[in-house]
Amino acid sequence: MARLLLLIPFLLSACVEGASQPGQARMDQAGTCFAVVSAEEGGTFALATGVGDGSRTPLGQRLTGLSAAAVDAAVAKERKIMEINPECLATYVKDRAQAAPFKPGM
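Here is the structure:
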């Protein structure tokens, strides 16, 4: 039993370290630059971009009606901007390959 009690803090510290690793950014974190692609009706795509401000629904820009090639180019451009933008403390990118398929009524 004593061994188990000594093991618990070690396991908890491993969980905390894993939660703070880079690449675990969320859109709602202040300073996280995001670019999220979503599928639209008719085979087009939308792209939402912005910088997280700590709220659940951060403000940003939304481009709609983009073709697959146009949204891929826009995401590539946003990634380049994120690399040099000092405002981007972390990045969150969900590209076309990760976009959920369009569901009517959503």
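Here full-length UniProt numbering is used: position 35 in the sequence shown is 35, and no number is missing along the way.
In this text, a Cβ means the ideal position worked out from N, Cα and C, and glycines have one as well.
These numbers come from a predicted model, not from an experiment.
query, result
"Taking only three categories from DSSP, how would you classify K103?", "coil"
"Measuring CB to CB, does V93 end up less than 8 Å from V71?", "no"
"Mark G43 as exposed unless 16 or more other C-beta atoms lie within 10 angstroms of its C-beta, in which case mark it buried.", "exposed"
"Roughly how far, in whole angstroms, is the beta-carbon of E40 from the beta-carbon of P104, given that I think they are within contact range, below 8 Å?", "Actually they are not in contact, since the Cβ atoms of E40 and P104 sit about 11 Å apart, beyond 8 Å."
"Assuming R62 is part of the alpha helix (DSSP H), what are its boundary residues?", "Segment 60-66 is the beta strand (DSSP E) holding R62; no alpha helix (DSSP H) there."
"If we count the other Cβ atoms within 10 Å of its Cβ and call it buried at 16 or more, is G54 buried or exposed?", "exposed"
"On the criterion of 16 or more Cβ atoms from any shown chain inside 10 Å, does L59 qualify as buried, or is it exposed?", "exposed"
"Check the C-beta distance from F45 over to A30 and give it rounded, since I have them as a contact under 8 Å.", "Wrong, their Cβ atoms sit about 27 Å apart, outside the cutoff."
"Find the nearest neighbour of G50 within the set R96, A97, M27, judged by alpha-carbon distance.", "M27"
"When the Cα atoms are used, what is the spatial distance from F34 to P86?", "14 Å"
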